[in-house]
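Enquirer: Residue numbers (our numbering): 38 to 452.
Below you'll find the structure I mean.
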């Protein structure tokens, strides 16, 4: 058999009886050996294009082609505690808010080589690629132990390098058990997180509960949802989770609560329990009502403009001219009826000129109803007195005996 050593340069193989192995050599240097434990190489192993390595009668095959290595015939398994990194020479450690060193990583320097694709070519409508997160309460892989209430089943994070490390996380989504789970009973919720400006730790802002309710946390409720489109709520809208607070096209609850648009109440309560400084009013309702100037007008309201810029043909002006008051005039004799907000002291708003700083004035005409009732009561008192003949006789008698009447009568007779 061929031999090699430092004094001779030979190629070939040699049986090493002392170590019970078959040595391989090239140009006088042993480059590897084969024994009962397997093959050991001290140098690279090269395969030409199209070369194959078959395992166990070709049930697993590695095929080499130009710039590719194909694994076929079975599953590719990586043992627990080890990973697979594509695009780099090692794992990127301590990533995101949880400081995770992921076992499977796809790393790159461009959009294409840092992307993952799940694709399917199938003629069945219900078949589709899937990304599934599975969580078990068992410490052993594939063990069947039920998860607990509020247990996190999976996370999706968006991390960012902040110039120091990879720990900062900008946003995230989590799937969480939403209740007490049981056999064939796994209520869940989806939670959405974002990171505030000046922070590196995410906080929860929105969640979809197991019953399908979209909830924004109270601590972050201000301007929580914004939309440029419409909102359709076929089952109504509630501002608090009680029947009396629902806005719907059907009756709910046994009463109602106050609702506002800005500072304008859209429900009116007259309950004495929410009033103070209560006294009898001794004003002259008719004197106030006489100050009201009725006008005829058409609406020039920009809120009735259609999407194409034209006026809504079925808007308020389709009813013809309106008869009513002007808020800027009513405020002088019935100020409690007009909701002018901050514009009450604005010189432009007071004369009806365009103003970009304040909203339009609104009239709560339901608050004028008591004034109308007061005027009717005054007129009723006068009519009742006129209908009382004795009272009328007394008034005529007093008038005939008055100096004013006598002077008027003397002047008339002199003529």
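For glycine and all other residues, C-beta sits at the position ideal for the given N, C-alpha and C.
1) Using 10 angstroms around the beta-carbon of residue 215, count the other beta-carbons present and answer buried if the total reaches 16, otherwise exposed.
2) What residue from 70, 266 and 342 has the CA that sits closest to residue 57's CA?
3) Please list, in chain order, all residues of the same chain as residue 126 whose beta carbon is under 6 Å from its beta carbon, the five residues on each side excluded.
4) Assuming residue 180 contacts residue 173 under a Cβ cut-off of 8 Å, what Cβ separation, rounded to an integer in Å, is found between them?
5) Just grab the DSSP bridge partners of residue 137 for me.
6) If I'm right that residue 129 touches residue 144 with Cβ under 8 Å, what's the distance once you round it to whole angstroms?
7) Between the Cα of residue 249 and those of 286, 224 and 89, spot the shortest distance and give me the residue it belongs to.
8) Compute the Euclidean distance between the alpha carbons of residue 377 and residue 298, then round it to the nearest angstrom.
9) Once DSSP output is grouped into helix, strand and coil, what is the label at residue 49?
10) Evaluate residue 402 with the Cβ neighbour count: other Cβ atoms within 10 Å of its Cβ, from every protein chain shown; 16 or more gives buried, anything less gives exposed.
11) For residue 43, which residues in the same chain have their Cβ closer than 6 Å to its Cβ, ignoring the five residues on either side in sequence?
12) Would you report the Cα separation of residue 408 and residue 421, rounded to the nearest angstrom?
13) Start and end of the alpha helix (DSSP H) containing residue 393?
14) Where does the unbroken alpha helix (DSSP H) through residue 226 begin, and where does it stop?
15) So which of 398, 198 and 388 has the shortest CA-CA distance to residue 300?
16) Skipping 5 residues on each side, what residues in its chain have a beta carbon closer than 8 Å to that of residue 86?
17) Is it right to say residue 360 is buried, meaning 16 or more other beta carbons lie within 10 angstroms of its own, or is it exposed?
18) Enumerate in chain order the residues of its own chain whose CB-to-CB distance from residue 387 is below 7 Å, with the five nearest sequence positions on each side excluded.
Expert: The short version:
1) Buried is the label assigned to residue 215, since at least 16 other Cβ atoms lie within 10 Å of its Cβ.
2) Taking each of 70, 266 and 342 in turn and checking the Cα distance to residue 57, the smallest one comes out for 70.
3) Correct list: empty, nothing qualifies.
4) Sure, about 6 Å apart at Cβ, within 8 Å.
5) 132, per the DSSP bridge assignment.
6) Sure, about 6 Å apart at Cβ, within 8 Å.
7) Comparing Cα-Cα distances from residue 249 to each of 286, 224 and 89, the minimum goes to 224.
8) Approximately 14 Å, taken between the alpha carbons.
9) If DSSP states are grouped into helix, strand and coil, residue 49 belongs with the strands.
10) That one is exposed.
11) Note that residue 43 has pLDDT 38, beneath the 50 cutoff, so the model's placement of it is unreliable and the number below is only indicative. Nothing meets the Cβ criterion.
12) Whole-angstrom Cα-Cα distance: 20 Å.
13) It is not in any alpha helix (DSSP H) - residue 393 carries neither H nor E in the DSSP assignment.
14) That residue, residue 226, is in no alpha helix (DSSP H); its beta strand (DSSP E) goes 225-231.
15) That would be 398, whose Cα lies nearest to the Cα of residue 300.
16) Answer for residue 86: 101, 102 and 103, listed in chain order.
17) Exposed: under 16 other Cβ atoms inside 10 Å.
18) Result list for residue 387: 365, in chain order.
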